[in-house]
Amino acid sequence: MNRNGILFWIGATLFLAAALLMTQVIGNQYPFFAGYVILQFVVLAVAWSILGGYAGYVNFGTSAFFGVGVYTAVFLAKAFGAPLAVQIATAAAIGALMGFVLGLLTLRMQGIFFSIATIAATIVIETTVTNWRYVGGAAGIQLQRPMVTAPFDNYVQMLFFVQALLVVLAVAISRYIQNSWIGHGLKALRDDELAAECTGVPTLRLKLVACVISGALMCAAGAPAAMYLQYADPSSAFNLNYSVSVLAMSLIGGTAHWAGPIIGAILLGATQQLLTVTISSEVNVLVLGVMLVLFVVAAPQGIIGLIRKVRRHRSEGEA
Amino acid sequence: MMPPENQPPLLRISALTKRFGGFVALDNVSVEIRPGERFGLIGPNGSGKTTLINCISGAFRTEAGTVVFRDEDITQLPPHLRTRRGIARSFQIPRPFKSMTVAENLMVALDFAVVTDQHASAAQRRDTMMSILTRMGLASKANVPATRLSQVELRKMELARAMATHPKLLISDEAMAGLSSSEVDEVLDLLMSLADQDITIIMIEHIMQAVMRFSQRVMCLETGRIIAIGSPAEVMANQRVQEAYLGT
Numbered sequence: 113m114n115r116n117g118i119l120f121w122i123g124a125t126l127f128l129a130a131a132l133l134m135t136q137v138i139g140n141q142y143p144f145f146a147g148y149v150i151l152q153f154v155v156l157a158v159a160w161s162i163l164g165g166y167a168g169y170v171n172f173g174t175s176a177f178f179g180v181g182v183y184t185a186v187f188l189a190k191a192f193g194a195p196l197a198v199q200i201a202t203a204a205a206i207g208a209l210m211g212f213v214l215g216l217l218t219l220r221m222q223g224i225f226f227s228i229a230t231i232a233a234t235i236v237i238e239t240t241v242t243n244w245r246y247v248g249g250a251a252g253i254q255l256q257r258p259m260v261t262a263p264f265d266n267y268v269q270m271l272f273f274v275q276a277l278l279v280v281l282a283v284a285i286s287r288y289i290q291n292s293w294i295g296h297g298l299k300a301l302r303d304d305e306l307a308a309e310c311t312g313v314p315t316l317r318l319k320l321v322a323c324v325i326s327g328a329l330m331c332a333a334g335a336p337a338a339m340y341l342q343y344a345d346p347s348s349a350f351n352l353n354y355s356v357s358v359l360a361m362s363l364i365g366g367t368a369h370w371a372g373p374i375i376g377a378i379l380l381g382a383t384q385q386l387l388t389v390t391i392s393s394e395v396n397v398l399v400l401g402v403m404l405v406l407f408v409v410a411a412p413q414g415i416i417g418l419i420r421k422v423r424r425h426r427s428e429g430e431a
Numbered sequence: 032m033m034p035p036e037n038q039p040p041l042l043r044i045s046a047l048t049k050r051f052g053g054f055v056a057l058d059n060v061s062v063e064i065r066p067g068e069r070f071g072l073i074g075p076n077g078s079g080k081t082t083l084i085n086c087i088s089g090a091f092r093t094e095a096g097t098v099v100f101r102d103e104d105i106t107q108l109p110p111h112l113r114t115r116r117g118i119a120r121s122f123q124i125p126r127p128f129k130s131m132t133v134a135e136n137l138m139v140a141l142d143f144a145v146v147t148d149q150h151a152s153a154a155q156r157r158d159t160m161m162s163i164l165t166r167m168g169l170a171s172k173a174n175v176p177a178t179r180l181s182q183v184e185l186r187k188m189e190l191a192r193a194m195a196t197h198p199k200l201l202i203s204d205e206a207m208a209g210l211s212s213s214e215v216d217e218v219l220d221l222l223m224s225l226a227d228q229d230i231t232i233i234m235i236e237h238i239m240q241a242v243m244r245f246s247q248r249v250m251c252l253e254t255g256r257i258i259a260i261g262s263p264a265e266v267m268a269n270q271r272v273q274e275a276y277l278g279t
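Chains as they are written, first to last, in our numbering: chain A, 113 to 431; chain B, 32 to 279.
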């Protein structure tokens with residue numbers, strides 16, 4: 113492992129240790145309640161960027177994957193009383209399969225057509241779940257949390273730590289992809305798909321790989337949300353807000369580097385939480401929109417792009 | 032020196048037809064390219080030259096006919112598999128990977144297209160990349176972003192990227208369009224030197240002097256049909272070619 117790799121894993125370990133420590137020393141439940149949502153958005157944004165950033169295929173179907181994750185957990189909990197780990201693992205598997213099928217159907221389309229297809233898929237899946245009585249249909253379903261296991265003494269604290277684990281998993285995968293041949297191929301096809309094909313890049317296969325991994329992670333991120341809210345209904349699980357927020361977070365953070373979506377998700381996620389508490393939950397959607405517009409105009413490469421620009425100016429200034 | 036005629040052809044195109052809706056872009060085109068040949072493809076605008084090479088490189092699916100490369104039917108193969116079998120191309124309007132440097136552009140080819148020395152180390156592939164850039168006169172530009180290249184440098188990078196796929200057949204689609212006459216000579220010399228290394232080259236070009244100097248055989252297309260094929264002198268003397276170019 114090279115120096116960067118070692119630093120990364122040290123950072124990841126410290127992050128997990130800090131998350132675990134928080135659950136042991138902080139008594140107030142609110143930080144976990146808000147922190148969970150932020151971490152969930154980090155996973156979603158990082159996962160989204162694997163296809164949306166590296167490959168440049170703008171997926172509007174984040175909420176479809178998220179919602180399927182939620183309902184996988186709901187179904188497993190109701191039918192088998194399955195533990196959380198099984199819910200998440202199954203959701204990831206279903207997300208991967210869904211990414212594969214959706215990718216196979218839609219990834220031949222380019223640009224805006226792909227995006228429209230992903231919105232259409234979201235509506236189809238939401239409608240299906242709305243009409244599925246077993247998991248509550250349109251009225252939604254109440255869920256009973258199981259007993260929490262040690263070392264946690266509260267279920268939300270445990271979910272917070274689980275989501276932190278998912279963050280590390282998602283970021284590690286995204287970072288690996290960026291530095292591997294998969295990432296190089298995706299970058300080439302994002303720049304020019306035909307030129308990439310003619311240079312030997314198996315574009316469809318790489319896009320499918322990206323879609324499968326991205327889908328699996330998004331579904332996995334959605335699975336714990338059922339137990340987090342102890343309730344699920346189609347219109348909130350498949351809410352388009354997830355798609356829009358995650359897209360905004362990734363673009364504002366910058367998609368050229370794996371760290372971009374993390375920065376964006378923490379920044380926007382924290383702002384949203386803050387606004388929800390201080391003003392209202394409706395205002396945060398407005399702020400999101402305004403920030404997205406500002407960044408698209410002033411910093412189209414996101415925060416990562418800004419940082420790179422400043423660095424380049426500095427190095428050119430020194431030279 | 033013409034390549035011997037008794038060798039099996041490198042590329043055999045048989046009865047190829049490509050339609051766009053009701054428009055027939057290629058109409059029953061058949062031609063054989065011999066190994067090591069320098070082959071010129073000419074024809075007025077819209078005659079189907081680029082469509083033909085899009086069908087050879089796999090960018091377009093064809094309605095009828097077959098493309099056989101080195102005794103293998105590749106008609107149904109996607110472009111990247113054709114590239115791996117040894118068909119490389121440049122584009123009429125350069126299509127660099129814009130977010131990458133010149134070196135990274137070539138590394139895409141070395142990472143994905145080259146199947147034979149898959150186990151070559153990163154250092155070896157870097158050496159290969161640098162030697163290609165040196166041969167193309169782009170060594171000093173290796174770490175320059177592709178977006179900062181001049182027109183002639185972009186053309187050379189396209190050829191360099193194509194060369195990095197280790198092609199047996201290189202298709203150059205108007206690599207000289209928009210260049211000054213000294214730059215045209217430069218690119219022409221490059222292509223000549225590639226042909227000397229046993230690479231078969233199909234060259235599409237509007238600059239007639241360049242095609243005539245370069246090619247051993249020339250084919251002229253008009254509205255998707257072959258109207259003449261033969262030595263440069265024969266094709267130039269052909270009545271129909273002159274009509275196609277000058278109008279009647």
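Cβ atoms here follow ideal geometry from the backbone N, Cα and C, with glycine treated the same way. Computed from a predicted model, the values in this text were never measured in an experiment.
- Looking at A/Q199, A/V408 and A/G417, the one whose alpha-carbon comes closest to that of A/H369 is A/G417.
- Each residue's CA atom was taken as its position, placing A/T261 and A/N353 some 33 Å apart.
- When secondary structure is reduced to three states using DSSP, B/I124 falls in the coil class, being assigned neither helix nor strand.
- Here B/Q240 carries a helix assignment [DSSP, helix/strand/coil].
- In chain order, T135, M270 and F273 place their CB closer than 8 Å to the CB of A/F264, counting only its own chain and leaving out the 5 sequence neighbours on each side.
- Between A/M330 and B/C86, the alpha-carbon positions lie close to 39 Å from each other.
- In the DSSP annotation of this structure, the continuous segment of the alpha helix (DSSP H) that includes A/F192 starts and ends at T174 to F192.
- The residue from A/I391, A/A276 and A/E309 with its alpha-carbon nearest to that of A/A129 is A/A276.
- In the same chain as A/S175, and ignoring 5 residues on each side of it, the C-beta atoms closer than 7 Å to its own belong to T234, F350, N351, L352, Y354 and S355, in chain order.
- Taking A/G376 as the centre and dropping the five residues before and after it, the same chain places the C-beta of A157, A360, M361, S362, L363, I364, G365, G366, G414 and I415 closer than 8 Å to its C-beta, in chain order.
- Ranking A/S357, A/R115 and A/F172 by CA distance to the CA of A/S227 puts A/F172 first.
- Taking the CA atoms as reference points, A/M339 sits about 37 Å from A/Q222.
- Between B/D204 and B/A191, the alpha-carbon positions lie close to 14 Å from each other.
- In summary, the residues of the stretch 177-208 of chain B whose CB is separated from some CB of chain A by less than 7 Å are R192 and T196, in the order they occur in the chain.
- As the crow flies, the alpha-carbon of B/P125 is around 25 Å from that of B/E253.
- Secondary structure note for B/E274: its alpha helix (DSSP H) is the uninterrupted segment Q270 to L277.
- Annotation for A/I378: the continuous alpha helix (DSSP H) segment containing it runs A371 to T390.
- Under the 8 Å criterion on CB atoms, B/K80 is classed as non-interfacial with respect to chain A.
- With a beta-carbon spacing of about 4 Å, B/V99 and B/R43 fall inside the 8 Å limit used to define contacts.
- Looking at the DSSP output, B/T48 bridges to B/A95.
- Less than 8 Å divides the Cβ of B/K187 from the Cβ of B/V218.
- Among the residues facing chain A, B/F51 is not included, as its CB has no counterpart in that chain under 8 Å away.
- Under the Cβ criterion of 8 Å, A/K299 is counted among the residues facing chain B.
- In the structure shown, B/G71 adopts extended strand secondary structure according to DSSP, grouped into three states.
- Taking B/S262 as reference, the option from B/A275, B/R256 and B/R244 with the minimal CA-CA separation is B/R244.
- Around B/A95, the same chain offers T48 as residues with beta carbons nearer than 6 Å, after the five sequence neighbours per side are excluded.
- Assignment of B/D216 by DSSP, reduced to helix, strand and coil, places it in the helix class.
- A check of alpha carbon separations from B/E68 across B/R271, B/Q270 and B/R248 identifies B/R248 as the nearest.
- What B/S88 touches in chain A, judged by beta-carbon distance under 8 Å, is C310, going in chain order.
- In the structure shown, B/P110 adopts helical secondary structure according to DSSP, grouped into three states.
- The distance from the Cβ of B/T114 to that of B/L141 is about 12 Å, inconsistent with a contact at the 8 Å cut-off.
- Approximately 7 Å separates the beta-carbon atoms of B/I232 and B/L225; this is inside 8 Å, confirming the contact.
- For B/S88, the enclosing alpha helix (DSSP H) stretches over residues K80 to S88.
- Pairing B/R92 with A/I374, the inter-Cα distance amounts to about 42 Å.
- Contacts with chain B (Cβ-Cβ distance below 8 Å) from the stretch 364-375 of chain A involve A368, listed in chain order.
- With fewer than 16 other Cβ atoms from the protein chains shown falling within 10 Å of its own Cβ, B/D229 counts as exposed.
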